[in-house]
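Participant: For reference, the structure I am asking about is given below.
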Amino acid sequence: MPISTDDFWKLTVASGLLPPERCRELHAQFAGLKGAKAQANAGTLGEWLVASGVLTRYQVAVLASGRPGPFVFGDFVIVERIEQGRLAKCFRARYQGAQPALLMFAAGSADSPAETRALMDQLAAARGIKSPHVARVYQFQAASRPPYFVIENLRGQSMREAFDRDKLSPSAACRAGFQAALGLVAMHEQRAAHGNLCPDNVWRDELSSLKLLHFPLARPAWGDERLKPALADYLAPELNDAERAPDALSDIYGLGCMLYEWISGRVPFPGGTIAQKRARHASEVPERLDHFVPGVSEELADLVAEMLDKEVMLRAATASHVAHLLSPFTSDVTERRTAVPPRQSPQKIAPGYGAWHEPGWQAPPKQA
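Here the sequence shown is numbered in the numbering used here, starting from 239 and rising by one per residue.
The following block contains the structure:
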């Protein structure tokens with residue numbers, strides 16, 4: 239049942255979004271609009287507040303449903319609930335009314351002091367990772383009810399969502415792989431393995447720059463988490479052991495699988511059940527990229543094959559090594575040229591240059 243305008247203003251004050259004085263001022267402005275008195279209801283009032291930039295459409299929808307929120311959490315004010323995509327159920331907020339941020343609520347994640355300490359330790363490790371290619375996590379508000387994480391304001395879509403819409407050229411795929419590798423460099427420098435690399439956990443922002451999603455949006459996969467379909471195509475064969483911890487080398491394997499998919503348009507081992515995929519990752523070598531993708535060089539195919547080596551001791555050893563070898567393939571230049579010395583006329587050769595061509599020239603004696 240629709241609420242009255244008086245109830246709407248009361249809920250707005252109770253929500254903490256606006257003080258009573260500001261509500262009275264806005265009420266007077268709305269009442270003074272032509273035709274407002276005849277059409278005054280919560281719906282038209284809400285539309286006017288949205289058009290005026292006073293409230294967001296999400297805030298108006300919650301208030302019009304008869305609820306005062308909650309919207310205010312410390313210095314953060316909720317402005318939008320994300321309903322779809324990789325960030326579904328997260329909330330966009332503003333810090334002190336200005337700085338945008340992303341809030342992720344963690345109901346039930348801090349029910350005991352031990353769980354809270356573990357989360358704070360993970361937060362400290364995550365905050366130490368500072369790279370433009372790793373999503374930043376800023377703080378965990380354990381005292382709030384419910385507790386919540388504060389994450390940088392992400393705009394864009396996951397690489398799975400992006401790849402479903404637009405296929406990548408080999409150079410664009412290599413640029414994506416290069417940026418993901420730089421993100422891994424930053425994580426591995428802090429002795430942190432991602433442990434859950436798949437296109438769902440790689441974010442492409444509105445400028446096509448990539449960021450790795452990690453704690454708390456994505457956590458290293460253990461046990462049954464490794465049986466999820468989203469991870470089966472990117473899981474290193476050594477992680478078939480449920481007790482083995484992910485590490486830098488398993489991250490490189492996962493990145494290799496994603497790079498293979500972004501270049502070719504398919505995962506290394508398409509089709510089959512999760513068990514079949516895991517068995518193929520452990521025993522089969524995927525077809526080389528230069529055998530079926532036009533324009534892929536032998537050097538690039540060699541690098542991807544090295545990243546996908548079953549034997550960890552033979553796999554590409556570091557993410558920085560991968561980034562270094564990928565960098566030449568990130569441009570659209572299809573032809574690489576080597577520098578050659580300038581051609582000069584024999585008549586204009588400087589003295590001493592090419593002297594061995596002159597008649598009567600003799601080589602200097604060899605030194606003992």
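For every residue, glycine included, the Cβ atom is placed at its ideal position computed from N, Cα and C. Being a predicted model, the structure only gives us computed values, none of them experimental.
#1: Is the Cβ-Cβ distance between Asp-625 and Arg-398 less than 7 Å?
#2: If contact is defined by three or more beta carbon pairs under 8 Å, each pair taking one atom from either stretch, is the region 305-318 in contact with the region 284-292?
#3: Would you decide whether Met-551 is buried or exposed? Buried here means 16 or more other CB atoms lie within 10 Å of its CB.
#4: What separation, rounded to the nearest whole angstrom, lies between the Cα atoms of Trp-460 and Leu-451?
#5: List the residues that DSSP assigns as beta-bridge partners of Arg-332.
#6: Between Ile-490 and Ala-431, how many whole angstroms is the CB-CB distance? I'm expecting something under 8 Å.
#7: Beta carbon of Val-440, beta carbon of Ala-418: below 7 Å?
#8: Along the chain, where does the alpha helix (DSSP H) that runs through Lys-248 open and close?
#9: What is the DSSP secondary structure of Phe-416, reduced to helix, strand or coil?
#10: Quick one: measure Cβ to Cβ for Leu-340 and His-371, integer angstroms, because I've assumed they're closer than 8 Å.
#11: Quick one: residues in its chain with C-beta nearer than 7 Å to the C-beta of Ile-512, no 5 flanking neighbours on either side, listed in chain order?
#12: Which class does Phe-387 belong to by DSSP, given the choice of helix, strand or coil?
#13: In this structure, does DSSP put Arg-260 in helix, strand or coil?
#14: Quick one, which of Glu-499, Arg-518, Ala-555 and Met-545 has its alpha-carbon nearest Phe-530's?
#15: Below 7 Å CB to CB, which residues in the same chain sit around Leu-256 once its five sequence neighbours on both sides are set aside?
#16: Which term fits Arg-413, buried or exposed, when burial requires 16 or more other beta carbons within 10 angstroms of its beta carbon?
#17: Can you tell me which of the three DSSP states Trp-441 falls into?
#18: Please state if the CB of Met-545 and the CB of Gly-494 are separated by a distance shorter than 7 Å.
#19: State the DSSP-derived secondary structure class of Phe-268, mapped to helix, strand or coil.
#20: May I have a chain-ordered list of the alpha helix (DSSP H) segments no shorter than 4 residues that lie completely inside the region 479-551?
#21: When the Cα atoms are used, what is the spatial distance from Glu-573 to Glu-536?
#22: For Lys-515, collect the residues of the same chain with a Cβ closer than 7 Å to its Cβ; drop the 5 residues on either side in sequence, then sort them by chain order.
#23: For Leu-406, does the count of other Cβ atoms within 10 angstroms reach 16, so buried, or fall short, so exposed?
#24: By Cβ distance below 8 Å, which residues in the same chain neighbour Lys-368 in space, the five residues on each side in sequence not counted?
#25: I need the boundaries of the alpha helix (DSSP H) containing Phe-401, first residue and last residue.
#26: By how many angstroms is the C-alpha of Leu-527 removed from the C-alpha of Glu-353?
#27: Taking the C-alpha atoms as reference points, what is the distance between Asp-570 and Ser-409?
#28: Go ahead and label Ser-565 buried or exposed: buried means 16 or more other beta carbons lie within 10 angstroms of its beta carbon, across all protein chains shown.
#29: Let's see if you can read the secondary structure: which residues bound the beta strand (DSSP E) around Gln-377?
#30: With a threshold of 6 Å on Cβ separation, who are the neighbours of Leu-455 within its own chain once the five nearest residues in sequence on each side are excluded?
#31: Under 8 Å, with one C-beta from each stretch per pair, do the region 328-344 and the region 378-390 reach the 3-pair mark?
#32: Considering only the alpha carbon of each residue, which of Gln-277, Gly-284 and Gly-307 lies closest to Ala-252?
#33: Buried or exposed: Gln-334, going by 16 or more other Cβ atoms within 10 Å of its Cβ?
#34: Exposed or buried, what is Ala-474 when buried is set at 16 or more other beta-carbons lying within 10 Å of its beta-carbon?
#35: Closest by CA to Ala-362, which one among Asp-244, Asp-547 and Gln-428?
#36: For Val-372, which of helix, strand or coil comes out of DSSP?
Facilitator: Result, derived from the coordinates:
#1: Coverage of the chain is limited to positions 239 through 606, which leaves residue 625 absent and any answer about it impossible.
#2: Two segments are said to touch when three or more pairs of C-beta atoms, one from each, lie closer than 8 Å; by this definition the region 284-292 does not touch the region 305-318.
#3: exposed
#4: 17 Å
#5: Val-315 and Pro-338
#6: About 10 Å separates the beta carbons of Ile-490 and Ala-431, which is beyond the 8 Å limit, so they are not a contact pair.
#7: yes
#8: 243-253 is the span of the alpha helix (DSSP H), which, as asked, contains Lys-248.
#9: helix
#10: With a Cβ gap of about 17 Å, Leu-340 and His-371 do not count as contacting.
#11: Leu-465, Pro-467 and Ala-470
#12: Of the three classes helix, strand and coil, the one that applies to Phe-387 here is strand, per DSSP.
#13: Per DSSP, reduced to three states, the secondary structure at Arg-260 is helical.
#14: Comparing alpha carbon positions, the residue from Glu-499, Arg-518, Ala-555 and Met-545 closest to Phe-530 is Glu-499.
#15: Thr-250
#16: Arg-413 comes out buried.
#17: The DSSP-derived three-state label of Trp-441 is strand.
#18: yes
#19: helix
#20: With a minimum length of 4 residues, the continuous alpha helix (DSSP H) runs that stay inside the region 479-551 are 486-502, 512-521 and 536-545.
#21: In this prediction, Glu-573 scores a pLDDT of 45, lower than 50, which makes its location untrustworthy; the coordinate-derived value is nonetheless stated afterwards. Those two C-alpha atoms are separated by around 14 Å.
#22: Ala-470, Asp-471 and Phe-507
#23: buried
#24: Only Arg-374 and Ala-424 meet the Cβ criterion.
#25: 397-403
#26: 45 Å
#27: 6 Å
#28: exposed
#29: Gln-377 -> beta strand (DSSP E) spans 375-379.
#30: none
#31: yes
#32: Gly-307
#33: exposed
#34: buried
#35: Gln-428
#36: strand
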